[in-house]
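Student:
Protein chains in written order, with the numbering used here: chain W, 29 to 142; chain G, 1239 to 1350.
1) Touch check for the stretch 1245–1258 of chain G and the stretch 53–60 of chain W: three-plus C-beta pairs under 8 Å?
2) Look at the alpha carbon of residue 1310 (chain G) and the alpha carbon of residue 1275 (chain G), and state the distance between them as a whole number of angstroms.
3) Tell me, to the nearest whole angstrom, how far the beta carbon of residue 1281 (chain G) is from that of residue 1296 (chain G); I am working on the premise that it is less than 8 Å.
4) Mind the definition here: the stretch 128–140 of chain W touches the stretch 99–118 of chain W only if three or more C-beta pairs lie below 8 Å; say whether that holds.
5) Mind listing which residues of the stretch 126–141 of chain W have their C-beta closer than 9 Å to chain G's C-betas, in chain order?
6) Could you name the residues of chain W that residue 1336 (chain G) contacts, counting a contact when the two beta carbons are closer than 9 Å?
7) With 9 Å as the limit, tell me which residues of the stretch 57–81 of chain W have their beta carbon closer than that to any beta carbon of chain G; keep them in chain order.
8) Short of 6 Å in beta carbon distance, which residues of its chain neighbour residue 145 (chain W), apart from the five on each side in sequence? Order them along the chain.
9) Starting from the C-beta of residue 44 (chain W), find all residues in its chain whose C-beta is less than 6 Å away, skip the five residues before and the five after it, and write them out in chain order.
10) What is the C-beta distance between residue 1244 (chain G) and residue 1260 (chain G), in whole angstroms, given that I count them as a contact (C-beta under 8 Å)?
11) Suppose the cutoff is 7 Å on Cβ atoms and the five residues either side in sequence are ignored; what does the same chain contact list for residue 1323 (chain G) look like?
12) Which residues does DSSP list as the beta-bridge partners of residue 1307 (chain G)?
13) Would you kindly report the start and end of the unbroken beta strand (DSSP E) that includes residue 1312 (chain G)?
14) Return the chain-ordered list of same chain residues with a C-beta closer than 6 Å to the C-beta of residue 1272 (chain G), the five sequence neighbours on each side being excluded.
15) Quick check on residue 1333 (chain G): does DSSP put it in helix, strand or coil?
16) Spell out whether any CB of chain G is found under 9 Å from the CB atom of residue 117 (chain W).
17) Short check: CB of residue 1290 (chain G) to CB of residue 1279 (chain G), under 9 Å?
18) Considering residue 1320 (chain G), what are the terminal residues of the beta strand (DSSP E) in which it resides?
19) Could you check whether the Cβ of residue 1330 (chain G) sits closer than 9 Å to any Cβ belonging to chain W?
20) On the DSSP letters alone, give me the boundaries of the beta strand (DSSP E) that residue 70 (chain W) sits inside.
21) Using a cut-off of 9 Å between C-beta atoms, extract the partners of residue 1350 (chain G) located in chain W.
22) So the beta strand (DSSP E) residue 1274 (chain G) belongs to, where does it begin and stop?
23) Would you say residue 40 (chain W) touches the ligand SAM, meaning its beta carbon is less than 8 Å from a heavy atom?
24) Between the C-alpha atoms of residue 38 (chain W) and residue 1308 (chain G), what's the straight-line distance to the nearest angstrom?
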């Protein structure tokens, strides 16, 4: 079945540090790829997406590139802020004849300190 | 445009009871999906509804059911609640089935 592997958290960084959160997936067909972010006590917010190979999704300084050959969609940010502290979820979206769904990784908690 | 709304935001129930959660999608969105989030199992897919029909169902027992109305609003029902049903239930809507899903704030269900 479809699955996602994300790096274990928590990831603790100092403000202005470089961030990488690794994500690899297995999925049938040709999924679209998403990163969602969850702040404490809230639902999921769409962070960025990519729909085909070599596409780069970007938003709020975060970037991720759809790497079909390595089935990866690593999240990066050049300079993190305290306000980026949250849990980040990688999720391929698979379209199948039986229905469509997002498959989520375990999430990676990011803590940014001053 | 208003986002996805879910009611109630918090619920406390006891074992054996049943519960109904409601989701109103973004205006114009026709597809609604439900997910369960727990510390142990993470985020798991429950159902997908489109045009008042269930299109996909996750690996959950029959105690979990749902429906979608003609205005695209959706409800999910859990009967005979168990302690393990305590979770954050998230609803997501999309313009059509293959489109980006936008999530609501969730309903936190506690089963005592």
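Each residue gets a CB set at the ideal place from its N, CA and C atoms; glycine is no exception.
Tutor: Reading from the atomic positions:
1) no
2) Here residue 1310 (chain G) refers to the residue found at position 72 when the second chain is read from its first residue. Here residue 1275 (chain G) refers to the residue found at position 37 when the second chain is read from its first residue. For residue 1310 (chain G) and residue 1275 (chain G), the distance between alpha carbons rounds to 23 Å.
3) Working through the second chain from its first residue, we reach residue 1281 (chain G) at position 43. Working through the second chain from its first residue, we reach residue 1296 (chain G) at position 58. By a beta-carbon distance limit of 8 Å, residue 1281 (chain G) does not contact residue 1296 (chain G). Their separation comes to about 11 Å.
4) Yes, since at least three Cβ pairs between the stretch 128–140 of chain W and the stretch 99–118 of chain W fall closer than 8 Å, the two stretches touch.
5) 126, 127, 128, 129, 130, 131, 132, 133, 134 and 135
6) Residue numbering aside, residue 1336 (chain G) sits at position 98 when the second chain is read from its first letter. Going along chain W in sequence order, the residues near residue 1336 (chain G) (Cβ under 9 Å) are 60, 121, 123 and 128.
7) Of all residues in the stretch 57–81 of chain W, the ones placed with a Cβ closer than 9 Å to any Cβ belonging to chain G are 60, 62, 64, 66, 69, 70, 71, 72, 73, 74 and 77, in chain order.
8) Any answer about residue 145 (chain W) is impossible in this case: the structure gives chain W only from 29 up to 142.
9) As a position in the first chain, residue 44 (chain W) is number 16, starting the count at 1. Result list for residue 44 (chain W): 107, in chain order.
10) Counted from its first residue, the second chain places residue 1244 (chain G) at position 6. Counted from its first residue, the second chain places residue 1260 (chain G) at position 22. With 8 Å as the limit, residue 1244 (chain G) and residue 1260 (chain G) qualify as a contact, their Cβ atoms being about 7 Å apart.
11) Position 85 of the second chain, counting from 1, holds the residue named residue 1323 (chain G). Short of 7 Å from the beta carbon of residue 1323 (chain G), and not among the five residues preceding or following it, lie these beta carbons of its own chain, in chain order: 1316, 1347 and 1349.
12) By 1-based counting over the second chain, the position of residue 1307 (chain G) is 69. Residue 1307 (chain G) is not bridged to any residue.
13) For the purposes of this step, residue 1312 (chain G) is taken as residue 74 along the second chain, with counting starting at 1. From DSSP, the beta strand (DSSP E) with residue 1312 (chain G) extends over 1312–1316.
14) Residue mapping note: residue 1272 (chain G) aligns to position 34 of the second chain, counting from 1. The residues are 1284, 1285, 1314 and 1329.
15) Here residue 1333 (chain G) is taken as the residue at index 95 of the second chain, counted from 1. Coil.
16) Position 89 of the first chain, counted from the first residue, corresponds to residue 117 (chain W). By this cut-off, residue 117 (chain W) is an interface position.
17) Taking the second chain and counting its residues from 1, the one referred to as residue 1290 (chain G) is at position 52. Taking the second chain and counting its residues from 1, the one referred to as residue 1279 (chain G) is at position 41. No, the Cβ-Cβ distance between residue 1290 (chain G) and residue 1279 (chain G) is not below 9 Å.
18) On the second chain, residue 1320 (chain G) is found 82 positions in, with the first residue counted as 1. First-last for residue 1320 (chain G): undefined, no H or E at that position.
19) Locating residue 1330 (chain G) in the second chain gives position 92, where the first residue counts as 1. Closer than 9 Å: yes.
20) Locating residue 70 (chain W) in the first chain gives position 42, counting from the first residue. Boundaries cannot be given for residue 70 (chain W), as no beta strand (DSSP E) includes it and DSSP labels it neither H nor E.
21) Position 112 of the second chain holds residue 1350 (chain G). Here the premise fails: no neighbours, minimum Cβ distance about 20 Å.
22) Within the second chain, the letter at position 36 stands for residue 1274 (chain G). Run containing residue 1274 (chain G): 1269–1276, per the beta strand (DSSP E) assignment.
23) Looking for the ligand SAM in the displayed structure turns up nothing, as the structure carries no ligands at all.
24) Indexing the first chain from 1 puts residue 38 (chain W) at position 10. Indexing the second chain from 1 puts residue 1308 (chain G) at position 70. Residue 1308 (chain G) has its alpha-carbon roughly 43 Å from the corresponding atom of residue 38 (chain W).
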